[in-house]
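What follows is one structure encoded as structure tokens, with my remarks underneath.
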Amino acid sequence: MEKIDELDKKILRIITQNARIPFKEVADVCGVSRAAIHQRVQKLYEENVVTGSGYQVSPRELGYNLCVFVGIMLEKGNMYESVCNELEKIPEVVNAFYTLGKYSMMVKVYAKNDAHLLRILNGHIQSIPGVANTETLTALDERFNRQLPIE
């Protein structure tokens, strides 16, 4: 990856605060052309500095009233890839992390209610070959969700 310069950082600060801001406005703030902003943002995508864009939809407004974290213990650590491949097939699993400590993996899951969560856990996650055990932690509130500061 090429070095991220001060202009890249300035662009990132602006677009992470408002992903819908027109490149013309970013260009005006940065004192460069719209084409320069477009090229810089494209470079940031190609170098995986920017990894996505889009709208954030509230799970609760879609009827997903439970947010849980499921700690997964694998039978063997080398089963991580195959378990991840199966977890990706479950739409309610929105994040998966390979972890150190008590759990081999930690996943974030949204469910509509207790019965739905039970179907996800028993019918999907716990039936994946390689999953030895799970522990579920319920999130009562999400106070904030933010990007790292760009310094």
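Under the numbering used here, read the sequence shown as residues 83 to 233, first letter to last.
Each residue gets a CB set at the ideal place from its N, CA and C atoms; glycine is no exception.
Given the structure is predicted, the values throughout are model-derived calculations rather than measurements.
Exercise. Could you say which of N130, E128, F105 lies nearest to H120 if we only look at CA atoms?
Key: In the sequence shown, counting from the first residue as 1, residue 120 sits at position 38. Of the listed residues, the one whose Cα sits closest to H120 is F105.
Quiz prompt | Residue burial classification, I210 (beta-carbon count within 10 angstroms, cutoff 16) | solution = Walking along the sequence shown from the start, residue 210 turns up at place 128. I210 comes out buried.
Quiz item: Going by beta carbon distance, what residues of the same chain come within less than 6 Å of Q99, once the five residues before and after it are set aside?
Solution: As a working note, residue 99 is residue 17 in the sequence shown. Counting only Cβ-Cβ distances below 6 Å, and skipping sequence neighbours, we find nothing.
Quiz item: In terms of alpha-carbon separation, which member of R228, K85, V175, V213 lies closest to E129?
Solution: Here residue 129 refers to the residue found at position 47 when the sequence shown is read from its first residue. Nearest option by C-alpha distance: K85.
Exercise. Would you tell me roughly how many angstroms separate the C-alpha atoms of Y146 and G113, rounded to the nearest one?
Key: Reading the sequence shown from its first residue, position 64 is the one you call residue 146. Reading the sequence shown from its first residue, position 31 is the one you call residue 113. Rounded to the nearest angstrom, the two C-alpha atoms are 44 Å apart.
Quiz item: If you run the structure through DSSP and keep just helix, strand and coil, what is E217?
Solution: Against the sequence shown, residue 217 aligns to sequence position 135. Residue state, collapsed to three classes: strand.
Self-check item: Candidates C149, S135, L182: closest to R225 by CA position
Solution: Working through the sequence shown from its first residue, we reach residue 225 at position 143. Nearest C-alpha to R225: C149.
Quiz prompt | Within 8 Å, strictly: CB atoms of Y180 and P141 | solution = By one-based count along the sequence shown, residue 180 stands at place 98. By one-based count along the sequence shown, residue 141 stands at place 59. Going by C-beta atoms, Y180 is not nearer than 8 Å to P141.
Self-check item: Where G205 falls: helix, strand or coil (DSSP)
Solution: Here the question's residue 205 lines up with position 123 in the sequence shown. Helix at G205.
Quiz item: Would G159 pass as a contact of S186 if the rule is Cβ separation under 8 Å?
Solution: Against the sequence shown, residue 159 aligns to sequence position 77. Against the sequence shown, residue 186 aligns to sequence position 104. Their beta carbons are under 8 Å apart, which means G159 touches S186 by this criterion.
Quiz prompt | Member of D110, L126, V176, R228 whose CA lies at the smallest distance from the CA of D87 | solution = Walking along the sequence shown from the start, residue 87 turns up at place 5. Of the listed residues, the one whose Cα sits closest to D87 is L126.
Quiz prompt | First through last residue of the beta strand (DSSP E) which encompasses N147 | solution = Stepping through the sequence shown from its first residue, residue 147 is reached at position 65. Here N147 belongs to no beta strand (DSSP E), and DSSP marks it neither H nor E.
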